[in-house]
Amino acid sequence: MPFRRQLLLTFLAAGMPWPFASASGSAWWQIWCEQYLRNGRVVDWQQGISHSEGQGYGLLLAQAIGDRNAFEQIEAWTQAHLAVRQDRLMAWSRRQEDGRIDWRNATDGDLFRAWALLRADRDSGWNGYRDTALAVARDIADLCLSPDPRAPAEWLLLPGAEARRTPDRVLFNPSYIMPRALRELGEAASDPRLLQAADHGETVLAELAASSQLWNWVDVTGSSFLPSEEHRAGWGFDALRIPLYLVWSGYRAHPAVAAALQNLMMDAQPGHVVVARDEEGHLISQSDRPGFLALRDLTHCATLPNWLSGAGDYYSDILLALCHVALREGECFA
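Positions -23 to -1, 1 to 311 (mature numbering (1 follows the signal peptide of the UniProt record, and there is no 0)) are the ones given, in order, by the sequence shown.
See below:
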């Protein structure tokens, strides 16, 4: 067993947090890779799968940290095992146990992968990724946008190419709106549809915040927002990412950030944040995991927790890592 991983397990067994380490993030990144990266495959041990969001997040983190070797491994595994559809989007997941694939895409995974590839070529000087980034971006625009039933000239970002949509009712995941990624890809691909999806996505988030419907999933109809036909209404693990992406994009004053902060904090025990509420806003569950606490602290541009949750706590650890990058790149230090 590598010494660093053995040391991590010793910390965890003693109930001690593992330090996030230096400002550069190199030490935490090594630990994160040892926990979740296997020859380019980002593994969500809690679900026993690798999924497109994880690969996209891993690519973005590797680029932000400057780890070209990890970046190339993640992209190579992604191309071989998830970029297997007839279009340029990824299959959503591959099971760890038997390799079974869910062929449907998840738009946020494709968005982060394309953005990471664009950043690698444009910002890191790692040549050869731009064409793939733009091809993925154009397929997002072609396959993962739908007119808003309330305003058919406006584009809604769909959660997937196969997502349910009709002229009168469209399935929408508010946490898929990452304005900065949409805008940078839209500009690079010269595709105004992605720019419009970013603009309209911000408008919809403001509307959802005003109506107390900042939920994981909603249906956008011709006159209102309704609970999704497929998913329970309420605040939860998906919606947690809304303030992260807005602050990262430079919109800390956006109404959805304030609404998200209220959802995180109202009725929470000291040292906890609320991670699930029902349709009426009543508390279902709360957590003191550092990745969830980081979402609260990021909205204040405050110092973030500097440790990983521990072995296998994939979602908290990925949120913590993304919050650190968002704090560095967003308006907090602009």
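Don't be surprised by glycine CBs; every beta carbon is placed ideally from N, CA and C.
Query raised in the report: Sorted by chain position, which residues of the same chain lie with C-beta nearer than 6 Å to Val302's C-beta, five sequence neighbours on each side aside?
Result: Ala41
**Report entry** For His58, the three-state DSSP class (helix, strand or coil)
**Finding:** helix
Requested in this report: Would you mind stating whether Ala118 and Leu171 have Cβ atoms separated by less than 8 Å?
Outcome: yes
**Report entry** Sequence-distant residues of the same chain with beta carbon closer than 7 Å to Arg305, five excluded per side
**Finding:** none
Query raised in the report: Is Gly248 buried or exposed, if buried means 16 or more other CB atoms sit within 10 Å of its CB?
Result: exposed
Report task. Evaluate contact between the region 76 to 84 and the region 38 to 55, counting only Cβ atoms and requiring at least three cross-stretch pairs below 8 Å. Result -> no
Query raised in the report: How should Ala128 be labelled, buried or exposed, when 16 other C-beta atoms within 10 angstroms of its C-beta is the threshold for buried?
Result: exposed
Query raised in the report: What span of residues does the beta strand (DSSP E) with Glu257 cover, start to end?
Result: Unbroken run through Glu257: none, as it is neither H nor E.
Query raised in the report: Quick one, are the C-beta atoms of Gly105 and Arg72 less than 8 Å apart?
Result: no
Query - contact_flag[the region 144 to 156, the region 173 to 185] where n(CB pairs < 8 Å) is 3 or more - result: yes
Requested in this report: Taking all protein chains shown into account, decide if Val147 is buried (16 or more other Cβ within 10 angstroms of its Cβ) or exposed.
Outcome: buried
Query raised in the report: Taking buried to mean at least 16 other C-beta atoms within 10 Å of its own C-beta, is Val61 buried or exposed?
Result: exposed
Query - Straight-line gap, Glu74 to Pro232 (C-alpha atoms, nearest Å) - result: 42 Å
Report task. Return the chain-ordered list of same chain residues with a C-beta closer than 6 Å to the C-beta of Glu131, the five sequence neighbours on each side being excluded. Result -> Asp125 and His177
Requested in this report: Look up Ser262 in the DSSP assignment and say whether it is helix, strand or coil.
Outcome: strand
Report task. Determine the contact status of Pro156 and Tyr222, defining contact as a CB-CB distance below 8 Å. Result -> yes
Query raised in the report: Under the rule that 16 or more other beta-carbon atoms within 10 Å means buried, what is Asn193, buried or exposed?
Result: buried
Query raised in the report: Can you give the beta carbon distance from Arg90 to Thr55, rounded, assuming they're within the 8 Å contact cut?
Result: 7 Å
**Report entry** Where Leu299 falls: helix, strand or coil (DSSP)
**Finding:** helix
Requested in this report: On the DSSP bridge assignment, give the partners of Asp79 in chain order.
Outcome: Ser70
Query raised in the report: Using the C-alpha atoms, what's the distance from Leu299 back to residue 312?
Result: The first residue shown for the chain is -23 and the last is 311, placing residue 312 beyond what the model contains.
Query raised in the report: Roughly how many angstroms lie between the CA atoms of Pro169 and Leu95, to the nearest whole one?
Result: 17 Å
Query raised in the report: Can the beta-carbon of Asp116 be found less than 8 Å from the beta-carbon of Asp64?
Result: yes
Requested in this report: Rounded to whole angstroms, what's the CA-CA distance from Leu185 to Glu206? Just pull it up for me.
Outcome: 17 Å
Requested in this report: Under 7 Å Cβ to Cβ from Ala97, same chain only, skipping five residues before and after it: list those, please.
Outcome: Gln40, Phe48, Trp103 and Tyr106
Query raised in the report: With distances taken from CA atoms, which of Asn46, Gly258, Leu182 and Ile51 is nearest Arg218?
Result: Leu182
**Report entry** Distance between Gly268 and residue 314 (C-alpha atoms, nearest Å)
**Finding:** The requested residue 314 does not occur in the structure, where the chain is confined to residues -23 to 311.
Query raised in the report: When you compare only the Cα positions, how much space is there between Ser264 and Leu285?
Result: 14 Å
Query raised in the report: Could you check where the alpha helix (DSSP H) with Phe214 kicks off and where it finishes?
Result: First-last for Phe214: undefined, no H or E at that position.
Query raised in the report: Which residue's Cα is closest to the Cα of Asn46: Leu133, Gln246 and Asn16?
Result: Asn16
Query raised in the report: Quick one: what does DSSP say Ser1 is sitting in, helix, strand or coil?
Result: Low confidence applies to Ser1: its pLDDT is 42, below 50, so where it sits in the model is not reliable, and the reading given next is rough at best. Coil, per DSSP.
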